[in-house]
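Asks:
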Amino acid sequence: MYELVVEKTFAGAHNLRGYDGDCEKLHGHNWKVEVTLKSEKLDGLGMVVDFKIVKKTLEEILSRFDHSYLNELEEFNQKNPTTENVSKIIYDNFSEKLPPEIFIAKVKTWESENCAASYFV
Numbered sequence: 002m003y004e005l006v007v008e009k010t011f012a013g014a015h016n017l018r019g020y021d022g023d024c025e026k027l028h029g030h031n032w033k034v035e036v037t038l039k040s041e042k043l044d045g046l047g048m049v050v051d052f053k054i055v056k057k058t059l060e061e062i063l064s065r066f067d068h069s070y071l072n073e074l075e076e077f078n079q080k081n082p083t084t085e086n087v088s089k090i091i092y093d094n095f096s097e098k099l100p101p102e103i104f105i106a107k108v109k110t111w112e113s114e115n116c117a118a119s120y121f122v
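Yeah, the sequence shown ends on 122 if you go by this note's numbering, and it's all consecutive.
1) With burial defined as no fewer than 16 other Cβ atoms inside 10 Å of the residue's Cβ, what is the status of K57: buried or exposed?
2) With H, G and I counted as helix, E and B as strand and the rest as coil, what does DSSP make of F52?
3) If you reduce the DSSP assignment to three classes, tell me which class F11 lands in.
4) Let me know the secondary structure DSSP gives F121 once reduced to three states.
5) Measuring CB to CB, does G13 end up less than 8 Å from L71?
6) Could you have a look at L5 and say whether DSSP puts it in helix, strand or coil?
7) Short check: CB of V49 to CB of I103, under 8 Å?
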């Protein structure tokens with residue numbers, strides 16, 4: 002099994018509705034997203050997939066989040082923009098764009114240097 006990892010950052014603000022504490026207030030993070038892809042085989046060039054394609058796809062997904070108030074995005078109308086939910090939404094969006102022989106092993110999202118959450122199946 003081959004594994005490929007790409008990271009990208011974005012800046013975004015959010016608040017956690019119904020949370021009893023400081024995170025209920027509007028605040029921002031410099032988020033880091035790490036996407037791990039897996040494949041049992043390599044393409045004709047010896048790659049899982051071209052890094053440029055993976056980076057471009059991740060940039061397209063994160064462009065909606067970058068410098069935004071996450072609570073105002075449609076994805077977070079009914080749920081809090083927690084690090085866990087951000088990871089799941091990125092996972093879902095990314096998996097729609099992959100060829101069938103490649104799958105996402107994990108999306109890990111860091112909201113700070115020391116705090117991260119992952120989504121994987």
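Heads up, the beta-carbon is just placed ideally off N, CA and C, and yes, glycines get one too.
Replies: Let me spell this out:
1) For this step, residue 57 is matched to residue 56 along the sequence shown. Exposed: under 16 other Cβ atoms inside 10 Å.
2) The sequence position of residue 52 within the sequence shown is 51, counting from 1. In the structure shown, F52 sits in a helix (DSSP, three-state: H, G or I).
3) Stepping through the sequence shown from its first residue, residue 11 is reached at position 10. Correct three-state label for F11: strand.
4) Here residue 121 corresponds to residue number 120 of the sequence shown, with the count starting at 1. In the three-state scheme derived from DSSP, where H, G and I count as helix and E and B as strand, F121 is classed as coil.
5) Taking the sequence shown and counting its residues from 1, the one referred to as residue 13 is at position 12. Taking the sequence shown and counting its residues from 1, the one referred to as residue 71 is at position 70. Their beta carbons are under 8 Å apart, which means G13 touches L71 by this criterion.
6) For the purposes of this step, residue 5 is taken as residue 4 along the sequence shown, with counting starting at 1. The answer is strand: DSSP assigns L5 an E or B state.
7) By 1-based counting over the sequence shown, the position of residue 49 is 48. By 1-based counting over the sequence shown, the position of residue 103 is 102. Their beta carbons are under 8 Å apart, which means V49 touches I103 by this criterion.
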